Amino acid sequence: MNDNFTPESGSDRAEGSSRPQGSGQGYPGGFEPTSSPYGSFPQSAPLADDTRSFARPEQPAPMGPANGSAPVGTAEGKRSVGLGTALGLMLAGAVAAGSIVGVAVGRDGDGDDSSTQSASEVLRSEPADAPPIPEGSVASVAEAVLPAVVSIQVVTNTSAGEGSGSIISPDGLVLTNHHVVAGTTDGTVQVTLNDGTTKDADVVASDPATDIGIIKIRDASNLPTLEFGDSDQLVVGQEVVAVGAPLGLSGTVTSGIVSALERPVRASQDGGESSLIDAIQTDAAINPGNSGGPLVDMNGNLIGMNSVIASLSSGDAAGNIGLGFSIPSNFARRVADQLTATGTATQPMLGVTVDARNPVQGAQVVSVQPGGPGEQAGVRDGDIITRVNDRTIDTSDALIAAVRSHDFNETVTLEVLDPATGETREVEATLTGE
Numbered sequence: 002m003n004d005n006f007t008p009e010s011g012s013d014r015a016e017g018s019s020r021p022q023g024s025g026q027g028y029p030g031g032f033e034p035t036s037s038p039y040g041s042f043p044q045s046a047p048l049a050d051d052t053r054s055f056a057r058p059e060q061p062a063p064m065g066p067a068n069g070s071a072p073v074g075t076a077e078g079k080r081s082v083g084l085g086t087a088l089g090l091m092l093a094g095a096v097a098a099g100s101i102v103g104v105a106v107g108r109d110g111d112g113d114d115s116s117t118q119s120a121s122e123v124l125r126s127e128p129a130d131a132p133p134i135p136e137g138s139v140a141s142v143a144e145a146v147l148p149a150v151v152s153i154q155v156v157t158n159t160s161a162g163e164g165s166g167s168i169i170s171p172d173g174l175v176l177t178n179h180h181v182v183a184g185t186t187d188g189t190v191q192v193t194l195n196d197g198t199t200k201d202a203d204v205v206a207s208d209p210a211t212d213i214g215i216i217k218i219r220d221a222s223n224l225p226t227l228e229f230g231d232s233d234q235l236v237v238g239q240e241v242v243a244v245g246a247p248l249g250l251s252g253t254v255t256s257g258i259v260s261a262l263e264r265p266v267r268a269s270q271d272g273g274e275s276s277l278i279d280a281i282q283t284d285a286a287i288n289p290g291n292s293g294g295p296l297v298d299m300n301g302n303l304i305g306m307n308s309v310i311a312s313l314s315s316g317d318a319a320g321n322i323g324l325g326f327s328i329p330s331n332f333a334r335r336v337a338d339q340l341t342a343t344g345t346a347t348q349p350m351l352g353v354t355v356d357a358r359n360p361v362q363g364a365q366v367v368s369v370q371p372g373g374p375g376e377q378a379g380v381r382d383g384d385i386i387t388r389v390n391d392r393t394i395d396t397s398d399a400l401i402a403a404v405r406s407h408d409f410n411e412t413v414t415l416e417v418l419d420p421a422t423g424e425t426r427e428v429e430a431t432l433t434g435e
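Under the numbering used here, read the sequence shown as residues 2 to 435, first letter to last.
Right, here's the structure in full:
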């Protein structure tokens, strides 16, 4: 038995939860590179009860000639040419204006060309030095973080895609999403460092249930790294910075705030599996290609991994609407340590099965594992768990996410409602491994 779902419920999806349904298997709300035209974006399906949907911010690599909108590289090229032309015209105009001023000043005098020389000297003068970057600014964070962020390119026999990652060890361990590197047993993984260097990499391990993966850059040493921050210390309204390669544009930096904490977000994985994250919600712009990239605080510490974005409906392209979701760093670090050490990951468990249909407010227990933490705490079939410590539980996914946010052998206080009597009681349970 597990905390995720129950056959009796008929579904493991909680009402109002965020399980996205993508146009392609394993690319929820994202992209199936082999089926969608290059340059166009398949849509994520709406949730059952509203028009929200959630997509993984993963970017497919180019698979052929443009069909529909222009490919990223071409669009960027056009923008660069247009901008260069505009700037060129502006600069040419400035030079022409300076020449006219010089002539006018010269003619306005009595033959002395000192004024003309003075005007020319002004035009030739060196620009003033840029002011120092203020400590704690977005610019200073970007300067510190960018060297430790990579873009990831994955190519298999049937598909290609791109994502982002954070270097977490000098010898090349990179933290990213499972869905970025899933299915690479028959393919290749490459990373591009911030200086443009491209290196081969190997998948160490990844876990679909948590959407966390670890890759290792080959022949790497003395690489810059990101330091893990304490995601438990985050507060709503705190400034954050997201870094990654949206739409293949590596080294992109966006900023925003922590919009909310403890958001249970469920997303589909390859093979019909799903991941559930206890997410940090942010309005920092996150787009396809940001998957696996870091969310950092204003000290440059890694406090989250960008993983999921929301779109308004199935008729809208997956992209930033100010609703991005990141895996908290404390959770990501724990799973990453397990994956690096053993190749697998397990999560703390309560030892109860809950009804994913959410027929009531809270998480209703369908069955209790004999001898498990729930039974030992006195939780019974039919009970409704409404709180874990100081956190309100309103759905089954909220309970699962809350339990996973704690560590092994940690004792939590549960608020339990007996629906038969209407009485509420508190019990203590010590979480064990799966």
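Backbone N, C-alpha and C define an ideal beta-carbon position, used for all residues, glycine too. Just so we're clear, the structure is a prediction, and the values are computed from it rather than from any experiment.
Close-in-space but distant-in-sequence residues of the same chain around residue i (CB under 8 Å, 5 per side omitted)
{"i": "Leu-432", "result": "Pro-349, Met-350, Leu-351, Pro-374, Val-404, His-407, Asp-408, Phe-409, Asn-410, Glu-411, Thr-412, Val-413"}
{"i": "Met-306", "result": "Ser-167, Leu-176, Thr-177, Asn-178, Ile-213, Gly-293, Gly-294, Pro-295, Leu-296, Ser-327, Ile-328, Ser-330, Ala-333"}
{"i": "Arg-335", "result": "Asp-408"}
{"i": "Asp-187", "result": "Thr-157, Asn-158"}
{"i": "Asp-284", "result": "Gly-257, Ile-258, Ser-260, Gly-323, Leu-324, Gly-325"}
{"i": "Gly-320", "result": "Phe-42, Asn-288, Pro-289, Ile-310, Ser-312"}
{"i": "Ala-202", "result": "Ile-153, Gly-173, Val-175, Val-190, Gln-191, Val-192, Ile-216, Lys-217, Ile-218, Arg-219"}
Option nearest residue i by Cα separation, candidates the options
{"i": "Gly-137", "options": "Gly-245, Asp-298, Asn-359", "result": "Asp-298"}
{"i": "Val-192", "options": "Val-204, Ile-310, Asp-212", "result": "Val-204"}
{"i": "Val-241", "options": "Gly-164, Thr-186, Gly-325, Leu-277", "result": "Gly-325"}
{"i": "Pro-209", "options": "Gly-423, Gly-344, Pro-420, Leu-418", "result": "Gly-344"}
{"i": "Asp-419", "options": "Val-367, Ile-385, Asn-302", "result": "Ile-385"}
{"i": "Gly-383", "options": "Ser-152, Asp-398, Asp-130, Pro-360", "result": "Pro-360"}
{"i": "Thr-199", "options": "Ile-169, Ile-153, Val-182", "result": "Ile-153"}
{"i": "Asp-395", "options": "Gln-362, Arg-381, Thr-425, Asp-201", "result": "Gln-362"}
{"i": "Val-244", "options": "Val-254, Gly-238, Gly-372", "result": "Val-254"}
{"i": "Ile-310", "options": "Ile-287, Ala-131, Asn-300", "result": "Ile-287"}
{"i": "Asp-279", "options": "Ala-129, Ala-246, Ser-232, Ala-131", "result": "Ser-232"}
{"i": "Gly-301", "options": "Asp-338, Ala-129, Phe-229", "result": "Phe-229"}
{"i": "Leu-164", "options": "Gly-197, Ala-131, Ala-246, Val-237", "result": "The identity of residue 164 in the sequence shown is Gly, whereas the question assumes Leu. When each option's Cα is compared against that of Gly-164, the closest is Ala-246."}
{"i": "Asp-1", "options": "Ile-169, Val-182, Thr-387, Gly-184", "result": "No answer is possible for residue 1: the residues shown for the chain start at 2 and end at 435."}
{"i": "Glu-274", "options": "Leu-250, Thr-211, Gln-239, Ala-342", "result": "Thr-211"}
Residues of its chain near residue i, where Cβ-Cβ distance is below 7 Å and the 5 sequence neighbours each way are ignored
{"i": "Asp-172", "result": "Ala-221, Ser-222"}
{"i": "Arg-392", "result": "Glu-263, Ala-403"}
{"i": "Leu-235", "result": "Val-259, Leu-262, Ile-281, Ile-304"}
{"i": "Asn-195", "result": "Leu-147, Pro-148, Val-150, Gly-252"}
{"i": "Ile-134", "result": "Ala-140, Ser-141, Glu-144"}
Proximal residues to residue i (C-beta, below 6 Å), its chain only, five neighbours per side dropped
{"i": "Asn-390", "result": "Val-413, Thr-414"}
{"i": "Leu-340", "result": "Ala-206, Ile-215, Ala-346"}
{"i": "Glu-376", "result": "Val-369"}
{"i": "Asp-109", "result": "Caution is warranted here: a pLDDT of 46 is assigned to Asp-109, below 50, making its placement in the model unreliable, and no coordinate value can be reported."}
{"i": "Gly-434", "result": "Thr-347, Phe-409"}
{"i": "Thr-387", "result": "Gly-363, Ile-394, Glu-416, Leu-418"}
Where residue i sits in the DSSP three-state scheme
{"i": "Gly-257", "result": "strand"}
{"i": "Asn-359", "result": "coil"}
{"i": "Leu-248", "result": "helix"}
{"i": "Gly-85", "result": "Residue confidence is low: Gly-85 scores 33 on pLDDT, short of 50, so the model does not pin down where it sits. Its coordinate-derived value is still stated next. Residue state, collapsed to three classes: helix."}
{"i": "Gln-377", "result": "helix"}
{"i": "Ile-401", "result": "helix"}
{"i": "Pro-148", "result": "helix"}
{"i": "Leu-418", "result": "strand"}
{"i": "Asn-307", "result": "strand"}
{"i": "Asp-233", "result": "helix"}
{"i": "Pro-167", "result": "Sequence inspection shows Ser at residue 167; the Pro mentioned does not correspond to that position. Correct three-state label for Ser-167: strand."}
{"i": "Thr-157", "result": "coil"}
{"i": "Thr-347", "result": "coil"}
{"i": "Asp-436", "result": "Outside the shown range of the chain (2 to 435) lies residue 436, about which nothing can therefore be said."}
{"i": "Ala-183", "result": "coil"}
{"i": "Arg-335", "result": "helix"}
{"i": "Ala-206", "result": "strand"}
{"i": "Ser-292", "result": "coil"}
{"i": "Thr-425", "result": "strand"}
{"i": "Leu-340", "result": "helix"}
{"i": "Ala-280", "result": "strand"}
{"i": "Ala-286", "result": "coil"}
{"i": "Ala-143", "result": "helix"}
Contact test: residue i Cβ vs the ligand GDP heavy atom, cutoff 6 Å
{"i": "Gly-344", "result": "Absence of the ligand GDP from the depicted structure is noted, as is the absence of any ligand whatsoever, leaving it without description."}
Beta-carbon separation (whole angstroms), residue i vs residue j, contact threshold 8 Å
{"i": "Gly-290", "j": "Leu-248", "result": "5 Å"}
{"i": "Glu-429", "j": "Ala-378", "result": "6 Å"}
{"i": "Leu-400", "j": "Val-367", "result": "That pair is no contact at about 12 Å."}
{"i": "Leu-277", "j": "Asp-398", "result": "6 Å"}
{"i": "Glu-427", "j": "Glu-416", "result": "6 Å"}
Taking three-plus beta-carbon pairs below 8 Å as touching, is the stretch 259-268 in contact with the stretch 137-152? no
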